[in-house]
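One structure is given here, and the rest of the page talks about it.
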Amino acid sequence: MTGQLADHPDRLFPADPGTRDIARALHARVADLPIISPHGHVDAAVIAQDTPFPDPAALLVTPDHYVTRAIHASGVPLDKLGLGPTPAAARETWRAFCAAWPLYEGTASGYWLRQEFQHVFGITQEPSAVTADSIYDELSETLLEPRFRPRALMKEFNIEVLATTDDPLDSLEHHAALTADPTFATRVVPTFRPDAYLNIGHVQWKSNVERLLASNGGASGYAAYLAALEGRRRHFLAHGAVSSDHGVRTPATVKLDVADATRLFDKAQTGEASAADRDVFEAHMLYEMARMSVDDGLVMTVHPGSYRNHHGPTFDAYGPDTGHDIPFAVDYTAAMAPLLQDFGTAKDFHLVLFTLDETIFSRELAPLAGFYPSVYVGAPWWFLDAPDAMLRFRSAVTETAGFSRTSGFIDDTRAFCSIPARHDTSRRIEASFLARLVAEHRISEDRAHQLILDVVDAAPRRVFKL
Amino acid sequence: MTGQLADHPDRLFPADPGTRDIARALHARVADLPIISPHGHVDAAVIAQDTPFPDPAALLVTPDHYVTRAIHASGVPLDKLGLGPTPAAARETWRAFCAAWPLYEGTASGYWLRQEFQHVFGITQEPSAVTADSIYDELSETLLEPRFRPRALMKEFNIEVLATTDDPLDSLEHHAALTADPTFATRVVPTFRPDAYLNIGHVQWKSNVERLLASNGGASGYAAYLAALEGRRRHFLAHGAVSSDHGVRTPATVKLDVADATRLFDKAQTGEASAADRDVFEAHMLYEMARMSVDDGLVMTVHPGSYRNHHGPTFDAYGPDTGHDIPFAVDYTAAMAPLLQDFGTAKDFHLVLFTLDETIFSRELAPLAGFYPSVYVGAPWWFLDAPDAMLRFRSAVTETAGFSRTSGFIDDTRAFCSIPARHDTSRRIEASFLARLVAEHRISEDRAHQLILDVVDAAPRRVFKL
Amino acid sequence: MTGQLADHPDRLFPADPGTRDIARALHARVADLPIISPHGHVDAAVIAQDTPFPDPAALLVTPDHYVTRAIHASGVPLDKLGLGPTPAAARETWRAFCAAWPLYEGTASGYWLRQEFQHVFGITQEPSAVTADSIYDELSETLLEPRFRPRALMKEFNIEVLATTDDPLDSLEHHAALTADPTFATRVVPTFRPDAYLNIGHVQWKSNVERLLASNGGASGYAAYLAALEGRRRHFLAHGAVSSDHGVRTPATVKLDVADATRLFDKAQTGEASAADRDVFEAHMLYEMARMSVDDGLVMTVHPGSYRNHHGPTFDAYGPDTGHDIPFAVDYTAAMAPLLQDFGTAKDFHLVLFTLDETIFSRELAPLAGFYPSVYVGAPWWFLDAPDAMLRFRSAVTETAGFSRTSGFIDDTRAFCSIPARHDTSRRIEASFLARLVAEHRISEDRAHQLILDVVDAAPRRVFKL
């Protein structure tokens, strides 16, 4: 059942027969290329230690907030899905998931899960209350097999580069171990993610900064803070990092002079900073991160516009990343002006801008990336990482900025086993979009074949300096 | 002429032959299902008293601001369309309308009118200056026939449920009469619409509140005001109401403590409330309405984002609902946080959120409805209740929230005779959207047949607790 | 190579064979109609003096910020493209352009350039580093031929009306000369563009106002300022102007009383106006321009929402219009209320509203134009003047406002030789959109043939009072 859709050679291609033929040929050109994943949330320790995956629920349901949120919306509390202090047992969670299967029809998660079940795990039954136990048993056995250990799957998935996302104080020992291992082919690189050290509204900012300063010799004050951040970036670079990632509330940037920045930093340390201080300091530190990127060459990626932990009671009971981060409208044009004024044309600076607000693609990001050599439009992210949204993205961006100013696909996932499905979905949509341009006599078929190689393979290498 | 388009079996289906075949089969599955209309503006008295429809202009032109606005934009004053203190005669209005017929090409109103003319009234001539009188005469005779009285049409239209929209102090006697009538099959339910009692900027707020308090025994003050509102909600529930409707300027919500709410209420009563007070009090009362919905079970629908009566001189001359309510950009994510914080996961609470700002579908409403069990994405409303806009809606919402988190179709109309055309348009578009997903091998044809039954029939019953 | 795409008879038409056939027939109906260009930036002196075009780079690359920005984004400084104090030689600029040719795939500029090369200049080689010199030489020779002088091309392009954009103090002598020339068929009309005289934040506002007042007899003060503006509008009207154009930051409007306006005007003259004063005065002057339009009949066009000269260093080195004007989100509904309150239904007032923020089409502009007789939705402008964006525009606007409330195509270009390609692109997209409505049985094929004549030819004449 699952396989009839998941295996269909024309999955996600346009229905028009002529266009579909073109899309099929374009997809064939890139279907077997290695996976380049320059931004994601897989845990390096799991790969380094080749930890076997746990039970089906812990692998596929509980940690994936795309998956749990849909079931939660249908009225099932998150503890029934394995979350919180009194989580349901794995098999119970699995049953809830299988019973909820029809909720995923037409969703991005549904497409990924179907592919993953069929192509990674060989499951051919359609999930349902009736089939839940049988699939659970089958999957449980499968996960015991050596070929389903992370390293074997990395090879099976043909992943050439995989970026993780890491705390600035992470030792990166697992990355070092992987790099040192001659038997392991995938390049696993860390990503410097300093939000909790920059945002003075973060609950752990103060203790984070203390640990950060301690890590750098113990000097205190704003100048030492900057120096310590620069030091940790060097540590990341030494371990192969290619980018720093910034999950900010808004993309506001501002250049404070040292006296003002010092004053805000000091106020934050004594707990006297206001909400306005917090916003200004965060905007200033985003500017400072760009300055450091210009200096040290780390690609800078910015992910703004999410109202984190929208539902307080759920956050209190289940913690962050539990499905209630909700996007809101964002302005990039004015917000980024101070940063781009100073660094927009800086040599070798790469700034990849993401959005959860689709309106920004044609209005702001394509015009910005179509002028500034440093700016790249980030691939559709999170809720927008889905077939129709990706087509809207290409339609919104291409006519202003062409193909060369976009980042290439970013899977941004913590769901390791969904990586091939996500990349294949993206490749099929790129083929579909290009096929339409060919069918409408906008570009030649030859050029489309060059372009799909570029957007799938060359773009992420170029943009992320791989 | 009219009939060639209105009767075409493939009306509104995609042009691709393969996809069209799938759409045709999906539409056939639901084409003859009864109409469920859980939100609209038909007058219960007209049904209860089975009032014959007046002349063609008073039935089809003058009261329909979708229709009059288009003619007005072409330079015809509204009094020539039967509005205002010195209205044109019905036949003159009708001539103006028929002469303006080409203006409706490609518009939602044009699609509805064409269907309505052909299928309700059997008019086969294309409206024009030349045919105006002949159509007027034909329609005038038709409207005298018993089978064109409201109750007969309700049966002819196969309307199973029809919700009206009513003043909180309405006696609901007509609803009671209809319920008591064993010969009348349609379930006609009232809807509690308290805007003019909650918004202290409303010109009649003070007198409305006086009458409200008087209705509840005459006690004064904020506590009595809340109690009186609760009392009227019980009255509506007792008469079959399933929902309360809120036409707010913005969806801002806030929880005031009783002292603050009382203070604002008192200031409003003495006319001392500022514009800021008005906004805060309205936001607080939207919160309170949610609280009451959690208590009494009324589904809560929210319709924000319209700048009412944009053109002052037209409002002064012709009153409200005359075609110049203009949408503006709205934020839901932050605005609804206080309400959802407290009631977002409340048992059996249903909150249906509408928007005139399409950008909110993918950015805010689908993410909200994809997490909160209480939140449903309202169907495309008003200017967005149109074929292409409905397709954009499904494309924007489905990949994040699937099909189960949407409200089902809402006709929201005061144009009684357009109800079948509106529902058929919606059903054809649902079939078209699902057909594309099938043709692109995203969902199976079997599942699409289940889904169209769900979105057309089960969803409105489930979401509106019918 | 170029020709295979540029000459394809089905260029830009939908791929579905049935729909394409309808589109082809619709396009054929309007393909050879004369060009009406009611808003653009061609220099009247060039036409009056029939100045031969300079070298290929100065004609096609250096002055076209759509073209240079794409190359700049790829890392080539603007001086290498012929801009700034130390510009590259023409041939060097041309080589940079040809080497960058693949960047334009899928962009609006790419479509125009390809058409222009093939149909205006007969170039059949695909531009590249290899072909750059050969194309340069071929073009250089071509540009020496008399048939490539501006007046000959005007005839060849079949341009019936061409509007220029002019400084309020322009003598308009070139327009007068062209009008007086019995051998010249095209109607070349000036457009009154007073931004630098209204916006007190403009660096030359003070000196501009001095010259303006001097031109009108030398009286000083706010009343004389208004009178001088009115006088210059009369001058433009006497030289055939049909419209005034307003490139404002936002579309905010406000009606100040004379005392307040005078006070702000006086503060601006002494350099004491604040940023807030600037915004209020600009909003007031936009209101005043509408008042003058109601009086003198000039069509009023508004182009808001661009953050001009976003990159300061580029502006300092290369001046304005160098590719870094970036759009931002705009509100029209509240902003235009004061103006529309007073003039929205004024007899013969025409107000054409443009946007770079697509979200406004369905949310604000279609609703406004669908009610106010004065308001027309401006064609997709600047970054939105592109095939997919034009289709989104028609989809967003038509269902609410129909076809009659849109402006007709505006090429808005300073790239003279791209005019035919731009108009043909627009005509093909209009045909494609209408063909879809026919194929979906929404409108009849007969009506579509009337509508394409209307939107291509009658609309610009009607809206711009030509």
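Residue numbers (this note's numbering), protein chains in the order written: chain A, 1 to 466; chain B, 1001 to 1466; chain C, 2001 to 2466. Glycine included, C-beta positions come from ideal geometry on N, C-alpha and C.
- Measuring C-alpha to C-alpha distances from Ala1389 (chain B) to each of B:Asp1245, B:Glu1358, B:Ile1410 identifies B:Glu1358 as the nearest.
- Short of 7 Å from the beta carbon of Phe2148 (chain C), and not among the five residues preceding or following it, lie these beta carbons of its own chain, in chain order: Phe2053, Thr2142.
- DSSP links Ala163 (chain A) through a beta bridge to A:Val189.
- A distance below 8 Å between beta-carbons, with the five flanking residues on each side excluded, links Ala88 (chain A) to the following residues of its chain, in chain order: Asp79, Lys80, Leu81, Gly82, Ala96.
- Straight across, the Cα-Cα distance linking Glu230 (chain A) with Pro387 (chain A) is about 39 Å.
- Tyr376 (chain A) is bridged by DSSP to A:Val352.
- Bounds of any beta strand (DSSP E) do not take in Asp1295 (chain B); it lies within the alpha helix (DSSP H) bounded by 1275-1296.
- If you ignore the 5 residues before and after Ala1227 (chain B), its C-beta comes within less than 7 Å of the C-beta of Asn1216, all in its own chain and listed in chain order.
- The C-beta distance from Pro2009 (chain C) to Arg2024 (chain C) rounds to 7 Å, short enough to fall under 8 Å.
- Around the CB of Thr406 (chain A), 16 or more other CB atoms lie within 10 Å, so the residue is classed as buried.
- The residues Asp2055, Pro2056, in chain order, have a CB closer than 8 Å to that of Ser2140 (chain C) in the same chain once the five nearest residues on each side in sequence are set aside.
- The DSSP-derived three-state label of Pro327 (chain A) is strand.
- Of the candidates C:Thr2062, C:Ser2171, C:Gly2305, C:Gly2305 places its Cα closest to the Cα of His2246 (chain C).
- Cβ-Cβ distances below 6 Å link Tyr1307 (chain B) to Ile1326, Phe1328 in the same chain, with the five nearest sequence neighbours on each side left out; the list follows chain order.
- Contacts between Thr2270 (chain C) and chain A, judged by CB atoms closer than 7 Å, are missing: the closest CB pair is about 29 Å apart.
- Residue environment: Thr1086 (chain B) is assigned as exposed (fewer than 16 neighbouring CB atoms within 10 Å of its CB, all protein chains considered).
- Shown in chain order are the members of the segment 2041-2070 of chain C whose Cβ falls below 7 Å from a Cβ of chain A: Arg2069, Ala2070.
- Here Ser128 (chain A) carries a coil assignment [DSSP, helix/strand/coil].
- In this structure, Thr1107 (chain B) and Ala1070 (chain B) form a Cβ contact; the two beta carbons are roughly 7 Å apart against a cut-off of 8 Å.
- Rounded to whole angstroms, the separation of the alpha carbons of Thr51 (chain A) and Val1161 (chain B) is 57 Å.
- Counting only runs that start and end inside the segment 2381-2405 of chain C, the alpha helix (DSSP H) elements of at least 4 residues fall at 2387-2401.
- Closer than 8 Å to the CB of Ala2023 (chain C) there is not a single CB belonging to chain B.
- Burial is judged here by how many other beta carbons sit within 10 angstroms of a residue's own beta carbon; Ala2415 (chain C) has at least 16 and is buried.
- The bridge partners DSSP lists for Met300 (chain A) are A:Ser244, A:Leu351.
- Counting along the chain, Ser2109 (chain C) sits inside the alpha helix (DSSP H) bounded by residues 2108-2115.
- Counting only residues of its own chain and dropping the five nearest sequence neighbours on each side, Asp321 (chain A) has a CB closer than 6 Å to the CB of His65.
- The beta strand (DSSP E) runs of length 3 or more contained entirely in the segment 192-255 of chain A are, from start to end of the chain, 243-246.
- Beta-carbon to beta-carbon, Ser37 (chain A) and Ala163 (chain A) are separated by about 6 Å, close enough to satisfy the 8 Å threshold.
- Note that the segment 2347-2356 of chain C touches the segment 2287-2294 of chain C; at least 3 beta-carbon pairs, one per stretch, sit closer than 8 Å.
- Within the DSSP secondary-structure output, Ile22 (chain A) pairs in no beta bridge.
- Judged by beta-carbon spacing, His284 (chain A) lies beyond the 8 Å limit of Val248 (chain A), meaning their Cβ atoms are not closer than that value.
- For Pro251 (chain A), not one C-beta of chain C is nearer than 8 Å to its own C-beta.
- For Ala108 (chain A), at least one C-beta of chain B is nearer than 8 Å to its own C-beta.
- The contact set of Ala366 (chain A) on chain C, defined by CB atoms closer than 9 Å, consists of Phe2383 in chain order.
- Scanning chain A for C-beta atoms nearer than 8 Å to the C-beta of Tyr2111 (chain C) yields Arg442, reported in chain order.
- Interface flag for Leu1103 (chain B) against chain C is set, since a Cβ pair is found closer than 8 Å.
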